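Undergrad: Mind the numbering: the sequence shown is residues 55 to 441 in the numbering used here, read in order.
Built from N, CA and C at the ideal position, the CB exists for glycine as well.
Predicted, not measured: the structure shown is a model, and the values here were computed from it.
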Amino acid sequence: MHQPFHRLRAMPTLLFCLALAGCTSTTGTLGYYWQSLRGHLQLMQAAEPIDRWIARPDIAPALRERLQLAQRARAFAVAEMGLPDNASYRRYADLQRKAAVWNVVAAPPYALTLHTWCFPVTGCIGYRGYFTEADAQAEAAQLAAQGLEVEVYGVPAYSTLGYMNWAGGDPLLSTFIAWPEGEFVRLLFHELAHQVVYAEGDTLFNESFATAVERIGSARWLATEASPTAREAFATSEARRIAFRALTRATRTRLADIYEQKEALALTQQSLPAIKNEAMNRFRAEYAALRAHWLTPGGAGPVASTAQVAGYDRWVAKANNASFAAQAAYDELVPAFEALFEREDRDWQRFYDAVRRLSQQPQAQRHAALQAFVPRPTTSAKETPGA
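#1: Which parts of the stretch 177-208 are runs of the beta strand (DSSP E), unbroken and 3 residues or longer, counting only runs that do not cross its ends?
#2: Would residue 179 be called buried (16 or more neighbouring beta carbons within 10 Å of its own) or exposed?
#3: Taking 8 Å as the cut-off, does the stretch 254-269 touch the stretch 375-393 (at least 3 CB pairs, one atom from each stretch)?
#4: Between residue 428 and the rest of its own chain, which residues show a CB-CB distance below 7 Å, the 5 nearest in sequence each way excluded?
#5: Runs of 3 residues minimum, wholly inside the stretch 90-160: which ones carry the beta strand (DSSP E) assignment?
#6: Go to residue 348, then tell me how far its alpha helix (DSSP H) extends in each direction, as first and last residue.
#7: May I ask which residues mark the beginning and end of the beta strand (DSSP E) holding residue 233?
#8: Under 8 Å, with one C-beta from each stretch per pair, do the stretch 206-218 and the stretch 288-296 reach the 3-pair mark?
#9: Which residues in the same chain as residue 102 place their Cβ atom closer than 7 Å to its Cβ, once the five residues preceding and following it in sequence are excluded?
#10: Taking the DSSP output, what are the residues bridged to residue 227?
#11: If you follow the beta strand (DSSP E) that residue 171 is part of, which residue opens it and which one closes it?
#12: Can you tell me the Cα-Cα spacing of residue 423 and residue 248, whole angstroms?
#13: Give the secondary structure of residue 413 by DSSP, where H, G and I count as helix, E and B as strand, and everything else as coil.
#14: Three or more C-beta pairs closer than 8 Å, one from the stretch 157-168 and one from the stretch 194-209: is that the case here?
#15: Which residue marks the beginning of the alpha helix (DSSP H) containing residue 249, and which one marks its end?
#16: Output the distance between the C-alpha atoms of residue 421 and residue 96, rounded to the nearest integer angstrom.
#17: Going by the CB atoms, is the gap between residue 369 and residue 377 shorter than 8 Å?
#18: Going straight from the alpha carbon of residue 121 to that of residue 107, what length do you get?
#19: What is the DSSP secondary structure of residue 272, counted as helix, strand or coil?
#20: Got a sec, what are the start and stop residues for the alpha helix (DSSP H) residue 380 sits in?
#21: Between the Cα of residue 150 and the Cα atoms of 426, 227, 245 and 118, which residue gives the shortest distance?
#22: Starting from the C-beta of residue 278, find all residues in its chain whose C-beta is less than 6 Å away, skip the five residues before and the five after it, and write them out in chain order.
#23: Would you say residue 123 and residue 131 are within 8 Å of each other, going by their C-beta atoms?
#24: Between the stretch 236-255 and the stretch 185-205, do three or more beta carbon pairs fall short of 8 Å?
#25: Our contact map puts residue 224 next to residue 142 with C-beta atoms below 8 Å; I'd like the distance itself, whole angstroms only.
#26: Give the range of the alpha helix (DSSP H) segment to which residue 369 is assigned.
#27: Check whether the Cβ atoms of residue 271 and residue 298 sit closer than 8 Å, and answer yes or no.
#28: Which of the three DSSP states, helix, strand or coil, is assigned to residue 213?
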């Protein structure tokens, strides 16, 4: 499973370290900035122009074909979606590792509120990225020692929000280049959307906006540019993703209700863990039923393989408040942005202008304005989604 909510905005640490100019490898904050700068520079140095890669006589045919697809998708993003025509995603880097970076997220044991770190440029964000998994795990261990629930996950995509276009821009990476076509173009459109609008310190707004852009844009791409095989493969994976998203959204609602009761009903420390554990067990049982449906012949659509659901399996096995809270940032306001796109007559530039105006409002005001675009559901969000 390719999880679109697992991405990284790397610019805050990079800019700060460049501003310091003399940061050195020490423990604590400066050590973190140093690893960010060093890792980013290594990544940029590994990147070469796509045309140069394609011209290599020893390149694998599958990689050449995918790089050519990337060029077409990049041109589509500019011509059909009004996304930036700049240096980003016109180079490719083979990182020879499974992830570009590793993110750390954390949340209290009885709340779906992400622990935040504050940086220049982007403000306070609910994750911290490391270029080695060992460093990420060390940070997670420190947070867990403070009583927080933590998750560490590999991030396939890397973005500097367009600030490094002068130096060659963000490259395509080996960590996602081989994804299925629909998933690949979605990620490309998502990352470019961050270069259009970025509200400082508002992860929910930023990620929901980019996710809306990727969904709308990839639907157009698949309808007009992709082969029937690619469209069918995407439709199948998207059906699984929608079902899983409904399940996790229902579980988040359940958990939020439990944590609200902690204050309203003064639940004892003995009863609260038991109620939370019951909700998590219900989530895993419902996922097991959904998974069985995917793997059983006779259901709607092609039968999934165990490899195709392995990412979902890993997510469920580690699921906690941190992972649920991180996921919420990528989908909670998406329906509102999609409704805004329709209100602007599906005109990309009008849509981007409207989002820019929202980004200039105070955070609470912009969120309230977005929620007003979405009609209230006619059924309870607490209902268990059907598998």
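TA: In brief:
#1: You should have 177-179 and 182-184.
#2: Its Cβ being crowded by 16 or more others within 10 Å, residue 179 is buried.
#3: With the cut-off at 8 Å, the stretch 375-393 and the stretch 254-269 touch.
#4: For residue 428, where only same-chain residues beyond five positions count, the Cβ hits under 7 Å are 389, 390 and 393.
#5: Correct list: 145-147.
#6: Run containing residue 348: 325-349, per the alpha helix (DSSP H) assignment.
#7: First-last for residue 233: undefined, no H or E at that position.
#8: Short answer: they don't touch.
#9: Within the same chain, Cβ atoms closer than 7 Å to the Cβ of residue 102 are found at 145 and 146, the five residues on either side in sequence being excluded.
#10: Residue 227 is bridged by DSSP to 147.
#11: Unbroken beta strand (DSSP E) run through residue 171: 171-173.
#12: Looking at the two C-alpha atoms, the distance is approximately 20 Å.
#13: Collapsing the DSSP output to three states places residue 413 in a helix.
#14: Taking 8 Å as the limit for Cβ pairs, the verdict is that the stretch 194-209 does touch the stretch 157-168.
#15: Premise fails: residue 249 is in no alpha helix (DSSP H) and is neither H nor E.
#16: Straight-line Cα distance between these residues: approximately 38 Å.
#17: Judged by beta-carbon spacing, residue 369 lies within the 8 Å limit of residue 377, meaning their Cβ atoms are closer than that value.
#18: Each residue's CA atom was taken as its position, placing residue 121 and residue 107 some 8 Å apart.
#19: Here residue 272 sits in helix by DSSP.
#20: From DSSP, the alpha helix (DSSP H) with residue 380 extends over 375-385.
#21: Nearest C-alpha to residue 150 among 426, 227, 245 and 118: 227.
#22: Excluding sequence neighbours, residue 278 sits near nothing in its chain.
#23: Against a cut-off of 8 Å, the Cβ pair of residue 131 and residue 123 comes out as no contact.
#24: No: fewer than three Cβ pairs fall under 8 Å.
#25: Between residue 224 and residue 142, the beta carbon gap of about 5 Å places them in contact (Cβ cut-off 8 Å).
#26: Counting along the chain, the alpha helix (DSSP H) containing residue 369 begins and ends at 364-372.
#27: No; because the gap between Cβ atoms is not below 8 Å, this pair is not in contact.
#28: In the structure shown, residue 213 sits in a strand (DSSP, three-state: E or B).
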